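**Student:** So that we are looking at the same thing, I have put the structure below in structure tokens.
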């Protein structure tokens with residue numbers, strides 16, 4: 001085979017880009033094992049001491065629990081609303097349907113600061129105190145879009161003939177939905193839910209504006225970095241969070257990937 | 001006949017009602033907690049804050065906007081925000097090409113999903129972790145200067161600067177550009193490229209005249225995210241930007257958190273809303289929404 005310069009250069013740039021994407025993540029994970037509380041490179045000596053100290057920190061634990069609670073509730077809401085919205089938009093025909101399909105993705109297409117600032121002025125306008133539920137409202141909105149995106153992508157790939165066949169065989173719309181459509185959407189819904197959870201668990205831009213005095217885990221991390229406090233603990237938290245978010249994302253990709261193969 | 005069955009029958013006979021029933025809950029949520037909130041922000045931008053009591057004064061004045069337009073500081077902040085968002089979008093648009101192209105054209109059926117997963121992973125792994133990683137890497141005693149020192153090069157001091165923000169934003173949002181560009185490239189039928197070369201177009205010409213125009217919607221779809229996410233950020237400027245690298249978001253953030261001047265924050269937040277509205281209209285013309 002002839003040496004193809006263009007092709008070699010392209011593959012080389014793929015490797016460079018992969019390094020660009022992953023070296024920073026690798027570096028930050030190594031910092032968690034540093035024994036020192038000075039954040040210099042290279043790391044002088046290694047230790048696991050900061051893991052024990054971080055897990056014993058009540059502030060970190062409280063922030064972690066709040067984040068998990070918010071993410072669970074926001075994801076549950078997003079699964080319901082994302083599924084309903086996708087089923088409706090999929091059936092929309094005629095003028096205006098494009099506008100609605102476009103409006104649904106606005107919360108992730110518009111900058112997060114807008115969602116945050118808008119919700120903040122909204123709650124202030126009505127005199128609503130910021131609470132657990134105001135965080136959930138913010139997260140529920142963009143998490144819904146994530147679930148919606150996954151479900152509608154699947155709906156568009158499903159053969160409509162299956163639901164029609166079910167109807168011809170005498171099943172009503174609810175029965176067709178329960179026995180045909182929902183099982184076929186299941187993995188897309190699951191993947192959407194995992195991604196929504198990961199997004200909510202990590203969100204900081206909107207949360208700052210809706211959390212008030214409460215501290216989610218990302219808000220704790222942000223505050224600690226800004227003030228330059230508890231940095232060794234930040235390293236540990238960040239390392240654990242990266243490992244924890246990798247799992248749902250890989251799982252979501254598996255769910256969508258296998259399903260994609262089924263329908264090709 | 002139970003009520004649920006008759007309701008189900010009714011919805012079966014009237015598909016429009018079925019759609020309405022499905023969409024009602026998410027639509028109410030969307031209107032109540034998103035559109036109404038955006039409207040509240042807009043209304044609030046015409047209010048003022050009483051300097052003595054700190055109470056919000058309802059009413060309709062242009063004071064906030066006058067203050068924003070009258071002070072060149074805010075103009076510079078707006079230009080910096082939009083300028084860096086544009087620079088990041090361009091850089092990601094260039095960097096995404098080789099990766100998306102290899103994924104779409106050269107990667108085999110096993111490598112392709114693996115590359116896809118590798119691009120997805122950093123996208124979903126903690127945003128703060130990735131910004132913090134760069135804060136440490138670019139710091140004076142960080143990994144970058146350690147590497148430069150090892151290579152016998154002079155130390156770089158790009159930590160806490162606009163350059164640092166450009167690098168970090170480019171890094172953060174690159175996957176958002178790669179994925180839609182790859183999707184667009186994957187859809188180009190190979191026969192079209194063969195036809196182009198049969199008609200005598202050399203590799204570069206086929207690329208410029210066939211591949212680039214067909215990939216445009218994917219590129220624009222990706223650019224919506226790279227541009228919008230940079231435009232609305234305030235964390236990265238705080239963590240890796242230096243003094244005097246404020247974004248619109250930072251002014252908004254400090255006016256809500258520190259000075260408690262929500263109307264003024266809302267007024268400045270109207271700018272990214274307008275910029276994005278314009279951007280989305282252009283993107284729609286370029287066919288980006290079919291590629292989202």
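Residue numbers (UniProt numbering), protein chains in the order written: chain A, 1 to 264; chain B, 1 to 292.
Every residue, glycine too, gets a C-beta built ideally from N, C-alpha and C.
Model, not experiment: these values are computed from the prediction.
Alpha carbon to alpha carbon, how far is residue 261 of chain B from residue 87 of chain B?
**Tutor:** Locating residue 261 of chain B in the second chain gives position 261, counting from the first residue. Locating residue 87 of chain B in the second chain gives position 87, counting from the first residue. Cα to Cα, the separation comes out at about 31 Å.
**Student:** Locate the alpha helix (DSSP H) running through residue 69 of chain A, then write down its first and last residues.
**Tutor:** As a working note, residue 69 of chain A is residue 69 in the first chain. Note, residue 69 of chain A: alpha helix (DSSP H), 58-91.
**Student:** Any beta carbon of chain B sitting closer than 8 Å to that of residue 227 of chain A?
**Tutor:** Numbered from its first residue, the first chain carries residue 227 of chain A at position 227. No, residue 227 of chain A lies away from the interface with chain B (no Cβ there is under 8 Å from its Cβ).
**Student:** Are residue 116 of chain A and residue 208 of chain A close, meaning C-beta to C-beta below 8 Å?
**Tutor:** The residue given as residue 116 of chain A occupies position 116 in the first chain. The residue given as residue 208 of chain A occupies position 208 in the first chain. Cβ distance < 8 Å, so residue 116 of chain A and residue 208 of chain A count as in contact.
**Student:** Using alpha carbons as the reference points, say which of A/248, A/255, A/233, A/252 lies closest to residue 28 of chain A.
**Tutor:** On the first chain, position 28 is the one that residue 28 of chain A refers to. The shortest C-alpha separation from residue 28 of chain A is found at A/233.
**Student:** Quick check on residue 34 of chain A: does DSSP put it in helix, strand or coil?
**Tutor:** The count along the first chain starts at 1 and reaches residue 34 of chain A at position 34. Strand at residue 34 of chain A.
**Student:** On the three-state DSSP scale, how would you describe residue 56 of chain B?
**Tutor:** Counting from one through the second chain, the residue named residue 56 of chain B turns up at place 56. The answer is strand: DSSP assigns residue 56 of chain B an E or B state.
**Student:** Got a sec: is the Cβ-Cβ distance from residue 162 of chain A to anything in chain B below 8 Å?
**Tutor:** Residue numbering aside, residue 162 of chain A sits at position 162 when the first chain is read from its first letter. Not an interface residue.
**Student:** Buried or exposed: which applies to residue 201 of chain A, given that a residue is buried once 16 or more other Cβ atoms fall within 10 Å of its Cβ?
**Tutor:** On the first chain, residue 201 of chain A is found 201 positions in, with the first residue counted as 1. Buried, because 16 or more other Cβ atoms sit within 10 Å of the Cβ of residue 201 of chain A.
**Student:** Using a Cβ-Cβ distance under 8 Å, would residue 17 of chain A count as near chain B?
**Tutor:** In the first chain, counting from the first residue as 1, residue 17 of chain A sits at position 17. Yes, residue 17 of chain A lies at the interface with chain B (some Cβ there is under 8 Å from its Cβ).
**Student:** Would you verify that the beta carbon of residue 212 of chain A is, or is not, closer than 8 Å to some beta carbon of chain B?
**Tutor:** Counting from one through the first chain, the residue named residue 212 of chain A turns up at place 212. Chain B contact via Cβ: absent.
**Student:** Who are the near neighbours of residue 136 of chain A in its chain, counting only those whose CB is closer than 8 Å to its CB and skipping five residues on each side?
**Tutor:** Taking the first residue of the first chain as 1, we reach residue 136 of chain A at position 136. Cβ within range, chain order: 70, 73, 74, 77.
**Student:** Opposite residue 46 of chain A in the DSSP bridges: which residues?
**Tutor:** Taking the first chain and counting its residues from 1, the one referred to as residue 46 of chain A is at position 46. Note: residue 46 of chain A sits in a beta bridge opposite A/34.
**Student:** Output, in sequence order along the chain, the residues in the stretch 35-47 of chain B whose CB is closer than 7 Å to any CB in chain A.
**Tutor:** So the close ones are 36, 37, 38, 40, 41, 44.
**Student:** Just the chain A side, please: which residues come within less than 7 Å of residue 165 of chain B by C-beta, in chain order?
**Tutor:** What you label residue 165 of chain B is simply residue 165 of the second chain in a count that begins at 1. Chain A residues near residue 165 of chain B: none, gap ~15 Å exceeds 7 Å.
**Student:** Can the beta-carbon of residue 164 of chain B be found closer than 8 Å to that of residue 136 of chain B?
**Tutor:** Within the second chain, the letter at position 164 stands for residue 164 of chain B. Within the second chain, the letter at position 136 stands for residue 136 of chain B. Not a contact, by the Cβ cut-off of 8 Å.
**Student:** With a CB to CB cut of under 8 Å and the five nearest residues on each side skipped, what residues in its chain are close to residue 237 of chain B?
**Tutor:** Along the second chain, read from residue 1 onward, the residue named residue 237 of chain B stands at position 237. Here the set comprises 165, 245, 246, 247, 249, 250.
**Student:** Between which two residues does the alpha helix (DSSP H) harbouring residue 210 of chain A extend?
**Tutor:** Within the first chain, numbered from 1, the residue matching residue 210 of chain A stands at position 210. It spans 207-210 - the alpha helix (DSSP H) in which residue 210 of chain A sits, taken as one unbroken run.
**Student:** Report yes or no: is there a C-beta of chain B within less than 8 Å of the C-beta of residue 141 of chain A?
**Tutor:** As a first step, residue 141 of chain A must be located in the first chain, where it is residue number 141. So yes, residue 141 of chain A belongs to the interface.
**Student:** Report the neighbours of residue 121 of chain A on chain B: residues whose CB is nearer than 7 Å to its CB, in chain order.
**Tutor:** For this step, residue 121 of chain A is matched to residue 121 along the first chain. Result: 40, 41, 44, 262, 266.
**Student:** Would you say residue 178 of chain B and residue 277 of chain B are within 8 Å of each other, going by their C-beta atoms?
**Tutor:** Working through the second chain from its first residue, we reach residue 178 of chain B at position 178. Working through the second chain from its first residue, we reach residue 277 of chain B at position 277. Result no, Cβ atoms of residue 178 of chain B and residue 277 of chain B do not sit closer than 8 Å.
**Student:** Which value, in whole angstroms, describes the spacing of the CA atoms of residue 148 of chain A and residue 80 of chain A?
**Tutor:** Within the first chain, the letter at position 148 stands for residue 148 of chain A. Within the first chain, the letter at position 80 stands for residue 80 of chain A. Those two C-alpha atoms are separated by around 10 Å.
**Student:** What are the boundary residues of the alpha helix (DSSP H) that residue 98 of chain A is part of?
**Tutor:** Along the first chain, one-based indexing puts residue 98 of chain A at 98. Run containing residue 98 of chain A: 97-104, per the alpha helix (DSSP H) assignment.
**Student:** Tell me, please, whether the CB atom of residue 91 of chain A is closer than 8 Å to any CB atom in chain B?
**Tutor:** Within the first chain, residue 91 of chain A is the residue found at index 91, counting from 1. At least one chain B Cβ lies under 8 Å of residue 91 of chain A.
**Student:** Run through chain A and tell me which residues come within less than 7 Å of residue 112 of chain B, C-beta to C-beta.
**Tutor:** In the second chain, residue 112 of chain B corresponds to position 112, counting from 1. What residue 112 of chain B touches in chain A: nothing, since even the nearest Cβ is about 11 Å away.
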